[in-house]
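A short worksheet on the structure shown next.
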Amino acid sequence: MDASMREQRVGIVISVVMLVVVGTAVMAAAQSAEEGVASFYSDNFQGKKTASGEAYDKNGLTAAHKKLAYGTKVKVTNVSNGKSVVVTVNDRMAASNSAAKSRSE
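In my numbering, the protein residues as written are -12 to 92.
Printed below as a string of structure tokens:
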């Protein structure tokens, strides 16, 4: 095996290791949890644009969040009964809002 092939293999191995390390860090970050009180929008917002530009759909499984990127999938669990639902962040809530997340009904 010549030197350039060895360098190429080492480069590929390093790239794969970096992808595994970065992927692991992303998965660890994705496992973080928040706890708070969820709220919901009134019917008056139906069809109006959210911060992401999508029209609000009161029947959609969407949420507003202070920091998470639009399109982020979030599992929301009712701690009283253990029921969960996965929602998609498509709106922004005020940083001063005391609720952890705001969701559609």
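Note that CB positions come from ideal geometry on N, CA and C, so glycine has one too.
Suppose you measure from the CA of residue i to the CA of residue j; what does that come to, to the nearest Å?
i   : j   : result
V72 : L48 : 8 Å
K70 : G23 : 15 Å
V74 : A81 : 19 Å
S98 : T64 : Because the chain spans -12 through 92 in this model, residue 98 falls outside it and cannot be assessed.
V76 : N68 : 23 Å
V66 : S29 : 23 Å
G58 : Y43 : 14 Å
A56 : N31 : 25 Å
Q33 : N46 : 9 Å
Does at least one heavy atom of the ligand ZN sit under 7 Å from the Cβ of residue i?
i   : result
V74 : Because no ligand of any kind appears in the structure shown, any question about the ligand ZN cannot be addressed here.
Run the CB neighbour count on residue i, radius 10 Å, all protein chains shown included, and call it buried at 16 or more, exposed below.
i   : result
T37 : buried
Which first and last residues belong to the beta strand (DSSP E) in which residue i is found?
i   : result
T75 : 71 to 79
On a CA-only basis, which of the options is nearest residue i? Give me that one, please.
i   : options            : result
S79 : A20, E41, Q33, S67 : Looking at the sequence itself, residue 79 is Arg, so the reference to Ser does not match. Taking only the C-alpha atoms, the option nearest R79 is E41.
S19 : V66, N77, K62, Y43 : K62
Check the DSSP bridge columns for residue i and list the partner residues they point to.
i   : result
T59 : Answer is none; T59 lacks a bridge partner.
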